[in-house]
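Residue numbers (the working numbering): 9 to 179. Here a beta-carbon is modelled for each residue, glycine too, at the ideal position from N, C-alpha and C. Taking it in order: structure first as structure tokens, then the write-up.
As structure tokens, this is what we get:
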């Protein structure tokens, strides 16, 4: 599986079309988010444009903090943290009897989650974990085969411990 696939983007420059090529996955996520921001701004959808601009702001801040552009898994991590923050805020707003603000936060979570890549299924994660013997080796080997942004790390840890306990009991 190649992580780099060409993507052609067309820009109108005066009366001519200009093609640009992008080969990185994070450029795809960034480009998709930027195009959605532009579409939202053209459609005067302030909710979508402000939400996506705030997430893009976090990505750009991470770019500036590091050495150049961050990787696609780091972008996915930022998206997941953003969703987690908003869901926690939604829960707090519900406790404070503010369902209108809680609903807004939930809508933001749904909007941001559209940009996340799909995670590996639990069966696929389990099958990759089942072949290893020790927990440290399991985690290291599993994450060498799978990008951390594609799986739920809590599920991987639980599954690895369960399989290791079963293995120890059968020995």
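Own chain residues within Cβ distance below 8 Å of residue i, not counting five before or after
| i | result |
| --- | --- |
| residue 127 | 158, 159, 160 |
| residue 42 | 64 |
| residue 147 | 164, 165, 168 |
| residue 40 | 123 |
Residue i - DSSP class collapsed to helix/strand/coil
| i | result |
| --- | --- |
| residue 71 | helix |
| residue 45 | helix |
| residue 30 | Reliability fails at residue 30, whose pLDDT of 36 lies under 50, so the model's placement of it is uncertain and the value that follows must be treated cautiously. The answer is strand: DSSP assigns residue 30 an E or B state. |
| residue 104 | coil |
| residue 123 | coil |
| residue 160 | coil |
| residue 130 | helix |
| residue 63 | helix |
| residue 77 | coil |
| residue 146 | helix |
| residue 84 | helix |
| residue 52 | coil |
| residue 155 | coil |
| residue 23 | Confidence at residue 23 is low in this model, with a pLDDT of 39, below 50, so its placement is unreliable and no value can be given for it. |
CB-CB length for residue i against residue j, believed under 8 Å
| i | j | result |
| --- | --- | --- |
| residue 124 | residue 59 | That pair is no contact at about 14 Å. |
| residue 94 | residue 113 | 5 Å |
| residue 91 | residue 121 | 6 Å |
Same chain only: Cβ atoms within 6 Å of residue i, ignoring 5 sequence neighbours per side
| i | result |
| --- | --- |
| residue 102 | 110 |
| residue 117 | 91, 94, 95 |
| residue 49 | 57 |
| residue 97 | 113 |
Residues near residue i in its chain [Cβ-Cβ closer than 7 Å; skip 5 each side]
| i | result |
| --- | --- |
| residue 100 | none |
### Query
Is there contact between the region 149 to 157 and the region 72 to 92, where contact requires at least three CB pairs shorter than 8 Å?
At 8 Å Cβ cutoff, the stretches touch.
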